[in-house]
Each structure stands twice: as structure tokens, then as C-alpha cells.
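One structure is given here, and the rest of the page talks about it.
2 protein chains.
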Amino acid sequence: MFSIGELSRRTKVKVPTIRYYEEMGLLTEAERTSGNQRRYDKAGLERLSFIRHARDLGFSIEAILSLIELQEHPDRSCEAATNIAVSQLSDVREKIKRLKVLERELKRISKGCDGRGISEDCYVLASLADHELCCREH
Amino acid sequence: MFSIGELSRRTKVKVPTIRYYEEMGLLTEAERTSGNQRRYDKAGLERLSFIRHARDLGFSIEAILSLIELQEHPDRSCEAATNIAVSQLSDVREKIKRLKVLERELKRISKGCDGRGISEDCYVLASLADHELCCREH
DNA sequence: CTTGAACCTCTAGTCACTAGAGAGTGTATA
DNA sequence: TATACACTCTCTAGTGACTAGAGGTTCAAG
Numbered sequence: 007m008f009s010i011g012e013l014s015r016r017t018k019v020k021v022p023t024i025r026y027y028e029e030m031g032l033l034t035e036a037e038r039t040s041g042n043q044r045r046y047d048k049a050g051l052e053r054l055s056f057i058r059h060a061r062d063l064g065f066s067i068e069a070i071l072s073l074i075e076l077q078e079h080p081d082r083s084c085e086a087a088t089n090i091a092v093s094q095l096s097d098v099r100e101k102i103k104r105l106k107v108l109e110r111e112l113k114r115i116s117k118g119c120d121g122r123g124i125s126e127d128c129y130v131l132a133s134l135a136d137h138e139l140c141c142r143e144h
Numbered sequence: 007m008f009s010i011g012e013l014s015r016r017t018k019v020k021v022p023t024i025r026y027y028e029e030m031g032l033l034t035e036a037e038r039t040s041g042n043q044r045r046y047d048k049a050g051l052e053r054l055s056f057i058r059h060a061r062d063l064g065f066s067i068e069a070i071l072s073l074i075e076l077q078e079h080p081d082r083s084c085e086a087a088t089n090i091a092v093s094q095l096s097d098v099r100e101k102i103k104r105l106k107v108l109e110r111e112l113k114r115i116s117k118g119c120d121g122r123g124i125s126e127d128c129y130v131l132a133s134l135a136d137h138e139l140c141c142r143e144h
């Protein structure tokens, strides 16, 4: 059994975040010492590692809640889990796509001004003011 | 002169968002009718278009505040504007980079399970539980 | 038994909005 | 001119996933 600080050190999840996860129902309520401090065991550590891994991959708290529920029912179909992962993947792809459009546009805009002139002639400012200067939708 | 609703329609920025921008100091306080309703003119429309364009490119409110300040002083050096744009560009590139790592990992995980089995054997859930199954840092 | 790091709960703040309540205003039509 | 009703006003609270801080308590080492 170890403290929340120890759990934090081992998982690299900050202490207030651990408490937040508990509040959100991602972590079952931890055992407490007589002095009301949380104590965790291996199961708690594994659960939090699972959560951290999922968060690192960008899954929402809500999605993780569903994943945990499935994990706790090993006999159930895992269709939902796969769906969640696939949908997360397409979310990520969508984000990449949009960011690439921004990248292209920002690159073009940044290149237009070396920062040595005055604001009046600045291509960055002109581009923002006038959408017509953009080469594609964004 | 036109109403906030009309401005909203023309810029595709929602009415509460326009009021929010005003509160944040992005928009100067609009003129009012005798009945206290906001009225805008061409200058207001251009300013909001500028803001929208910048937001679409992912600039923060704070960054936009700086950009607007520069825009209002046409005689000043535009170095800051270029810096803001360049820094935004590198932010975007950083995000893309991280998302690509996630994409790769999620793709691998998703492929590992077709969703037709049971939770116990699900590769998605197993991968989340065990970071060792990952092929690279993320 | 003392010290001090770690822990507790609670509230409030972050960012860029979004939603809703309850009241007042503007304008087109009868 | 009266009415209808879409639009607008301000204000408060909520979103997601934390983060920060206050003010107080507990644990473990020496």
C-alpha cells in the first residue's frame, strides 16, 4: 500500500489530477488510512496507468470511462472498445488534416514579412485583414 | 450601421462570441442605439473579419490583441507580428508532430482487434493496459 | 515529541466560448 | 396606432481537463 504521492511518482500523473480522476469516476474510491489519507495498491496503479496511457493517446474522460467499464466485464463483446479507438483515430486524422492546412497558410504568411519593416507594410497583418490573400480555404 | 445579428451573419461569428470579443478588448465598444443595442459599421466588420481569420489560424486571443495593437500603429516595427506568426507556425508544427505519433499508435491498436471478440481478448484494451505493447514513445 | 513534508477538502481560475433566464427593443404588418 | 414577435440586452453558469492556492490535518523520521 502506498500514498497518493507515491502513486503520482510512479505513474507521472500529478496528485491533484489523480484526485480529479477519482471524482470523475475513473478511479474507484481509494482505501483510506485512519487519518483519511488515500492508500493505493497494485490494482490502483494499473488502473491509473491505463488511464494515463489512454489520455496520452487523446481519449476523452468519457471515452475512458466506457473503456474501463468494458475492461471490467471481460465476457462482454469488445465492439464498443474498437469503435472508440477507431473513432479516436479518425478524430486525430481530422485534426492533422486541419492543422496541415493551417501550417501551409501560416508558412506562406510568415514568409511574406521578415519583420524588419513597419506595421503598415507588414504582409502578416495584411493577410489577416484580407482573406483574399489566402490561397485556400481554412 | 447594422445590428449585431447582421454582423454575425456577415462574418459567421456567433452573436455571443462577438460580445465576448468585445469584453476581451478585441473589439472596441460598439456604438449604441437609444435603446442600448449595438450598431456596427464597416470598420467594425473589418476588425471582426481580421479576428475571425486569426482565430481560424489558431492564434490565441492574447496574440490577436497584440496583432491588433500593431495594426493600429502603422508606423511601428512589425517585428512582433512576424514573431507571433512564426511562433504560431511552430506551435502548429509541434501539434502535427505529436498527433502523427498518436495516429500511428492508434492505427496499430485499432487494427489489433476487429471488435468481434470479447473484452478479455481485446487488443485495444490490452494495449491500453500495457504500455510495453506500444512500439514507440508517445 | 518535534519537525516538516505530504496530505486533506474546498473554492476559484484557465481558455474560448456556449447556453439559458428574464427583461427590454426594433420593425413589419394589420 | 397597436400588436406581434424576432431580435437584443445583461447576467450567471457550464464546458473539458485540469491547475493553483488557502487553510487545516496527518504521517514518518529523528
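Chains as they are written, first to last, in my numbering: chain G, 7 to 144; chain U, 7 to 144. Heads up, the beta-carbon is just placed ideally off N, CA and C, and yes, glycines get one too.
Query, Result
"With a cut-off of 8 Å, does the C-beta of Leu-131 of chain G fall near any C-beta of chain U?", "yes"
"Can you list, in chain order, the residues of its chain whose CB lies under 6 Å from that of Val-130 of chain G, leaving out five sequence neighbours each side?", "Ile-115 and Cys-119"
"Please report the Cβ distance between Ser-55 of chain G and His-137 of chain U, rounded to the nearest whole angstrom; I am assuming they are in contact, meaning their Cβ atoms lie under 8 Å.", "7 Å"
"Quick one: which chain U residues come within Cβ less than 7 Å of Gly-31 of chain G?", "Chain U residues near Gly-31 of chain G: none, gap ~17 Å exceeds 7 Å."
"Taking the Cβ atom as the reference point for each residue, do Thr-17 of chain U and Leu-71 of chain U lie within a distance shorter than 8 Å?", "no"
"For a contact meaning CB atoms closer than 8 Å, what does Thr-88 of chain U contact in chain G?", "Ser-116, Cys-119, Asp-120, Gly-121, Cys-128 and Val-130"
"Specify the secondary structure class of Arg-229 of chain U as computed by DSSP and reduced to three states.", "Because residue 229 of chain U is not part of the residues shown, which for chain U are 7 to 144, the question remains open."
"Give, in chain order, every residue of the segment 59 to 76 of chain G whose Cβ lies closer than 7 Å to some Cβ of chain U.", "His-59, Ala-60, Asp-62, Leu-63, Gly-64, Leu-73 and Leu-76"
"Quick check on Ala-91 of chain U - is its C-beta less than 8 Å from some C-beta in chain G?", "yes"
"Curious, which full-length alpha helix (DSSP H) runs of at least 4 residues does the segment 40 to 117 of chain G contain?", "48 to 62, 67 to 77 and 85 to 117"
"Indicate whether Arg-53 of chain G and Arg-44 of chain G have their beta-carbon atoms separated by less than 8 Å.", "no"
"Spatial neighbours of Val-92 of chain G within its chain, please: CB distance less than 8 Å, with the 5 preceding and 5 following residues excluded, ordered by chain position.", "none"
"Can you tell which of G:Phe-8, G:Ile-10, G:Ala-135 and G:Met-7 has the C-alpha that lies nearest to the C-alpha of Leu-73 of chain U?", "G:Ala-135"
"Please look up how many angstroms separate the CB atoms of Leu-95 of chain G and Glu-68 of chain U, rounded, as I've assumed it's under 8 Å.", "Not a contact, Cβ separation roughly 32 Å."
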